[in-house]
Amino acid sequence: MSTLAREPFTVLWLQSGGCGGCTMSLLCAEAPDLAATLASANIRFLWHPTLSEETGDEAIALFEAVLAGEVRLDALCIEGALLRGPNGTGRFHTLAGTDTATIDWARRLAAVAEHVVAVGTCAAYGGVTAAGVNPADACGLQYDGRRPGGALGAAFRSRSGLPVVNVAGCPTHPNWVTETLMLLASDLMRAEDLDSYGRPRFYADHLVHHGCPRNEYYEYKASAEKMSDLGCMMEHLGCLGTQAHADCNTRLWNGEGSCTRGGHACINCTAPEFEEPGHAFLETPKIGGIPVGLPTDMPKAWFIALSSLAKAATPDRLRRNATADHVLTPPAVRDIRKR
Amino acid sequence: MSTETKRLVVGPFNRVEGDLEVRLDVADGEVRQAFVNSPLFRGFERILEGRDPRDALVIAPRICGICSVSQSHAAALALAGLEGIAPTDNGRVATNLILATENVADHLTHFHVFFMPDFARAIYEDRPWFATAARRFKAAQGESVRRALATRATLLHVMGLLAGRWPHTLAIQPGGVAKGADARDQMRLIATLGAVRADLEERLYGAPLERVAEIADVAELEAWRQAGPDGDFRLFLEIAADLDLARLGRAHDRFLSYGAYALDEGRLYTGGTFANGRAKGLDPAAITEDHSFARMEGREAPHPPFEGSTFPDGADETGYTWCKAPRLSGLPFETGAFARQVVAGHPLARDLAAREGANVRARVVGRLVETARTLIAMEGWVRQLHPGAPWCAQGAMPQSGRAFGLTEAARGALGHWMVVEKGRIARYQIIAPTTWNFSPRDAVGQPGPLETALVGAPIRQGETTPVSVQHIVRSFDPCMVCTVH
Ligand code: SF4
Ligand code: SF4
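In order, the protein sequences belong to chains A and B. Residue numbering for the first sequence follows UniProt numbering, beginning at 1 and increasing consecutively. Residue numbering for the second sequence follows UniProt numbering, beginning at 1 and increasing consecutively.
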């Protein structure tokens with residue numbers, strides 16, 4: 001069946017306690033652009049706070065029509081944390097023009113939506129909005145930090161039977177969002193396609209470490225010591241790329257970037273409670289000189305053994321370049337015929 | 001004619017950043033009084049307390065996904081002040097490029113995605129320019145909207161190259177930037193900016209950027225409208241003339257800019273204030289925040305930001321917004337691209353300010369002229385990068401101290417005030433551009449700039465979400481998530 005023959009897959013997008021960054025990132029979709037990508041899967045935004053014409057009353061009328069069942073809602077996308085404060089009233093965020101807490105709108109709309117998608121770490125787990133003293137009593141749609149629960153409760157399933165799909169990331173890569181919507185629109189996402197934190201596995205089954213251009217430094221434990229150094233940032237500068245579930249270094253951002261390509265640590269922004277690492281973000285906590293957070297799946301004893309071996313074998317080129325902001329010693333040019 | 005006053009509550013206001021509600025008292029077909037409400041409180045200033053000062057570079061940008069780099073820059077400047085260091089030359093130039101990219105991208109988003117689609121609404125069907133406006137600016141679908149989004153995505157490749165990603169990069173540091181560019185990056189940057197220039201010259205301006213940057217007065221602007229090159233800029237001027245947008249949305253005509261883009265010496269756009277026809281320097285010590293009509297504790301007296309506080313008072317009845325009211329020497333000030341160009345002395349901006357003050361047309365023209373000026377400067381900066389020379393100076397964080405960081409976001413003056421005690425953030429106060437522009441009334445009852453700008457806005461028969469109000473609100477390019485943070 002051609003996609004044109006089907007009814008469009010309808011999306012309603014609301015923002016609550018977030019920064020709008022996930023939307024701003026979504027607009028960076030390219031090759032093809034956002035409109036062409038959505039059209040390819042026959043996805044139509046009923047309303048989006050950044051893209052739609054309807055404002056004020058016209059928007060509210062549409063939300064009411066969805067609640068009344070007059071307009072079908074295939075996916076409710078929520079961006080930003082859900083705010084429960086003050087004192088459980090939700091009034092730290094009322095939906096403008098309605099005098100009603102946005103968390104209540106989210107609950108009512110989630111009940112009629114075929115799928116519910118949390119766009120960004122805020123909506124998924126609370127994110128930065130829930131950091132520190134959590135002044136607004138923020139939580140995610142179906143998680144409160146690491147704990148299942150949140151605004152909709154651990155038992156929530158949307159009409160499709162899926163839990164909330166957590167497109168975690170702070171912000172989300174534009175394609176994480178579009179590919180999730182496309183999979184849902186094509187009826188190709190099942191419960192097993194989500195990982196244990198509800199993240200789509202098509203990107204969460206990768207580590208940021210994969211494809212990081214600093215891998216050679218990592219292998220020899222040739223470490224950056226200060227910002228702008230070329231070496232691996234795991235040992236001293238807080239990089240969590242070996243533990244962070246995302247494909248940032250194989251998919252790339254804004255053409256050809258990623259956090260580690262930009263010279264700074266991966267802070268594991270797709271993980272619940274990334275906002276509270278328990279130490280300064282750009283510093284690696286260590287015990288006895290060994291980083292506390294070891295690469296995912298790596299036994300500690302092996303890490304210690306391998307890294308001391310690697311350090312002993314570090315080529316001079318990597319040792320020198322690791323603490324410089326440009327290549328001091330290029331790889332030797334060898335005449336391959338003489339090998 | 002009836003003089004009965006009606007109350008209108010307008011919201012949700014879309015195509016602005018974040019959430020906004022406006023309460024209007026309407027009589028005789030126009031707005032008599034306006035009250036601006038920012039209905040979202042997250043409490044970033046409190047979230048920052050108790051953390052390692054350097055964490056501000058992670059937390060503060062997440063106030064806002066549209067000007068996250070500006071937030072990051074303000075935090076980095078405050079940290080640099082605490083550490084007593086200055087960025088390296090490369091670090092300074094790369095920071096300018098990163099910040100300018102965000103600001104130009106914001107201007108493009110605002111014009112095409114947020115502002116112009118209002119003129120493609122059915123309400124304007126009878127206007128001579130409507131067919132063109134609808135074709136180019138229909139929300140999400142218009143030709144120019146889509147082209148502009150593609151150009152914006154291309155422009156943001158500068159972030160991929162210099163900052164890793166956008167939004168929420170950690171590349172900007174107190175001593176410069178985390179990533180050194182090499183010769184290849186430099187050439188990619190030239191190619192990227194070249195593509196952006198080409199699209200803007202072809203579609204937006206219909207002319208070289210230099211010609212736009214050089215428009216010297218209102219007469220030349222008028223000539224552009226009548227006989228200038230075809231493009232969306234001219235289309236806007238035509239619409240503005242037809243709808244008299246120059247008479248809509250005038251506020252106090254007091255302008256504020258902290259100055260933007262540090263050069264070898266001075267700034268590309270010098271900072272200060274401009275009021276009553278005079279430019280003056282700025283004394284940051286004269287800035288305070290008033291809580292009288294904010295739903296915040298601490299209403300007794302205005303707060304200098306180093307002594308400020310953020311304790312929401314949910315039970316309060318007099319407050320009507322979570323936004324505080326910043327004042328400079330007790331007065332509300334308008335900030336933004338137009339204010340920045342006026343303060344910096346751009347001749348067209350000064351002429352507009354002298355003849356008609358800030359208004360819907362002037363604010364949009366300010367952004368479009370600034371976009372051209374900034375892109376030209378960016379091309380020069382790319383050539384000033386020196387691969388091989390240092391990118392990031394190193395410093396050490398003291399156990400205690402206080403410092404502020406003042407920068408310019410696309411929407412205007414942004415400041416962070418940080419107090420560190422025992423190696424932790426003891427106090428953090430942020431005053432964002434839209435906090436200035438959309439501030440509520442203060443202790444002496446002075447309304448904020450938008451509240452003033454809305455007075456007199458015409459309401460058509462039966463309108464519940466008046467289109468004139470939408471033009472005025474969006475002319476400020478508000479960022480509500482920054483406002484209350
Ligand atoms: S997840 Fe991050 S980028 Fe997205 S809304 Fe939250 S703070 Fe902004
Ligand atoms: S590299 Fe890490 S911090 Fe950066 S976007 Fe990817 S997961 Fe998030």
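By construction, the Cβ of each residue, glycine as well, lies at the ideal position given by its N, Cα and C atoms. Keep in mind it's a predicted model, so treat the numbers as computed, not measured.
Asked                                                                                                            : Found
Distance, residue 236/B Cα to residue 255/B Cα                                                                   : 24 Å
DSSP state of residue 478/B mapped onto helix, strand, coil                                                      : coil
Runs of beta strand (DSSP E) wholly within the stretch 64 to 106 of chain A (minimum 3 residues, chain order)    : 75 to 79
Coarse secondary structure for residue 326/B, derived from DSSP in three states                                  : strand
Within-8 Å CB hit, residue 296/B to chain A                                                                      : no
Proximal chain B residues relative to residue 424/A, where beta-carbon distance stays under 7 Å                  : Look at the range of chain A in this structure, 1 to 339, and you will see that residue 424/A is not part of it.
For residue 498/B, three-class secondary structure by DSSP                                                       : It is not possible to answer for residue 498/B, since the shown part of chain B is limited to 1 through 485.
Closer than 8 Å to chain B by CB, residue 300/A                                                                  : no
For residue 263/B and residue 380/B, the rounded distance between their alpha carbons                            : 11 Å
Closer than 8 Å to chain A by CB, residue 1/B                                                                    : The predicted model places residue 1/B with a pLDDT of 48, which falls under 50 and marks its position as unreliable; any figure quoted below should be read in that light. Taking Cβ atoms only, chain A never reaches closer than 8 Å to residue 1/B, which makes this a no.
Test: residue 90/A CB closer than 8 Å to a CB of chain B                                                         : no
Burial state of residue 187/B (16 or more Cβ within 10 Å)                                                        : exposed
Short CB-CB distance (under 8 Å) between residue 2/A and chain B                                                 : Residue placement at residue 2/A is poorly supported in this model, since its pLDDT is 45, which falls under 50; the coordinates still yield a value, given next. Not one chain B Cβ lies under 8 Å of residue 2/A.
Coil, strand or helix - residue 141/B by DSSP                                                                    : coil
Whole-angstrom distance between residue 110/A and residue 117/A, CA atom to CA atom                              : 9 Å
Test: residue 62/B CB closer than 8 Å to a CB of chain A                                                         : yes
CB of residue 483/B within 8 Å of CB of residue 432/B, strictly                                                  : yes
For residue 280/B and residue 435/B, the rounded distance between their alpha carbons                            : 22 Å
Below-8 Å beta-carbon distance, residue 96/B vs any chain A residue                                              : no
Status (buried if at least 16 other CB within 10 Å, exposed otherwise) for residue 159/B                         : buried
Residue span of the alpha helix (DSSP H) that contains residue 96/B, given as start and end                      : 89 to 109
Chain-ordered chain B contacts of residue 13/A [CB-CB under 9 Å]                                                 : Near residue 13/A there are no residues of chain B at all, since even the closest Cβ is about 10 Å away, more than 9 Å.
Where residue 382/B meets chain A, residues with beta-carbon distance less than 8 Å                              : Ordered by position in chain A, no residue passes the 8 Å Cβ test against residue 382/B, which lies about 15 Å from the chain.
Among 182/B, 42/B, 47/B, the one whose alpha carbon lies nearest that of residue 327/A                           : 182/B
Three-pair Cβ contact test at 8 Å for the stretch 243 to 257 of chain A versus the stretch 155 to 174 of chain B : yes
Chain A contact for residue 462/B (CB, 8 Å cutoff)                                                               : no
Candidates 333/B, 295/B, 278/B, 38/B, of which the one nearest residue 286/B by Cα                               : 333/B
Neighbour flag for residue 392/B against chain A, beta carbons, 8 Å                                              : yes
Spatially closest choice to residue 405/B from 302/B, 60/B, 296/B, by CA coordinates                             : 60/B
Where residue 110/A sits in the DSSP three-state scheme                                                          : helix
Contact residues within the stretch 57 to 72 of chain A, judged by C-beta distance below 8 Å to chain B          : 57, 58, 59, 60
Short CB-CB distance (under 8 Å) between residue 281/A and chain B                                               : yes
Close beta carbons around residue 456/B, own chain, < 6 Å, minus the five adjacent residues each side            : 30
Residue 68/B - containing alpha helix (DSSP H), residue span                                                     : 68 to 83
Any non-hydrogen atom of ligand 2 closer than 7 Å to residue 268/A Cβ                                            : yes
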